[in-house]
Every structure is written in C-alpha cells, then in structure tokens.
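Enquirer: Numbering (this note's numbering), first residue to last: 1 to 159. Positions of the beta carbon are idealized from the N, C-alpha and C atoms, including for glycine. Predicted model, so just to flag it, every value in this text is computed and none were measured. Dropping a structure here in structure tokens format, bear with me for questions.
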C-alpha cells in the first residue's frame, strides 16, 4: 500500500524498452570533511533529453570514519524533472522511498566505516540538461566521509 503524500500520476511505459543506455562508475574516491551542503558528484552525471523518461539503477559505496553520516540527492543538474519516483535500500534490506529528487536522503548506519546502498528511480524530464548525483555528510564532523570508487549507475531511456 502507498503511504504518505498523494501518489503522482504515472504514464504507462514498456519496462523492456531501451532507447539508449548509459553506464557510469566512479574511477576514484570523492571525499570531504566538515561538509553538510550536498556537493555535485565529480563522475555520476549525465546529459538528459527533454520529454524523456529514464529508469535509473545504481549502487553507492560509502565510507565514513566517525559518526555514521551520509546524505545524497539527485538535484545537482540543470535538467528539469517533471515526474519522479524512487526507492533506496541498504545492506540490511531496509527500503526507503525517495519522495523528491532534490530532498537530501540521510543514510545513517551503525555498521561503519564501510556501507553501500542501492537505488532505483523512474524520472521524466521536461527540459534537457544534466542529471547529477550530489552527496555530503549528514552531520558535520572532521572525519573523512565519501563516495568510493566503483560506485555506479545505469540510465536507461524507456520513453
């Protein structure tokens, strides 16, 4: 059952459609400390087609050496999002809805220093531009937090 805000209208899509697929992986770590403002990811970004719908999946490998804290969103690009649905889950299998592309999702775990999460998105864009992952510490501290090399995403255009 759906709980929370009103479920957005959806357009039927053929989930097997593939009008183009892009895969990207981080070649090196991106780290920071004392940083709670989400920063653009240096590698996970893509040019988007206006009016298109994409199914996006990926895994993020996270490191933090102190207070468990990491947050992420998908609001770093110039493309305008007209419809968005998303979910993420961690290694414990706990699923969380992503209600908005631009609202930071806190990922706080008791099993640090290394964790991962996976996500799945359905995004429709009303203007072209870039679609970008952003991330930061959820709570500022001097310890290094970051997104590890090997974090990846696949963007498949379906409409």
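Among 32, 131, 51 and 53, which has the Cα closest to the Cα of residue 24?
Expert: The shortest Cα separation from residue 24 among 32, 131, 51 and 53 belongs to 131.
Enquirer: Secondary structure at residue 148, three-state DSSP: helix, strand or coil?
Expert: Looking at residue 148 - three-state DSSP - the assignment turns out to be coil, as it is neither helix nor strand.
Enquirer: With the cut-off set at 8 Å, would you say residue 146 and residue 43 are in Cβ contact?
Expert: Result no, Cβ atoms of residue 146 and residue 43 do not sit closer than 8 Å.
Enquirer: What would DSSP say about residue 139, mapped onto helix, strand or coil?
Expert: It is coil, neither helix nor strand.
Enquirer: What residue range is occupied by the uninterrupted beta strand (DSSP E) comprising residue 103?
Expert: Unbroken run through residue 103: none, as it is neither H nor E.
Enquirer: Going by alpha carbons, who is nearest to residue 71 out of 154, 134 and 100?
Expert: The shortest Cα separation from residue 71 among 154, 134 and 100 belongs to 134.
Enquirer: Where does residue 94 sit, in a helix, a strand or coil, going by DSSP?
Expert: Residue state, collapsed to three classes: coil.
Enquirer: Look at the alpha carbon of residue 31 and the alpha carbon of residue 54, and state the distance between them as a whole number of angstroms.
Expert: About 28 Å.
Enquirer: Between the Cα of residue 76 and those of 20, 87 and 39, spot the shortest distance and give me the residue it belongs to.
Expert: Ranking 20, 87 and 39 by Cα distance to residue 76 puts 39 first.
Enquirer: What would DSSP say about residue 72, mapped onto helix, strand or coil?
Expert: Correct three-state label for residue 72: strand.
Enquirer: So, helix, strand or coil for residue 39, using DSSP?
Expert: Strand at residue 39.
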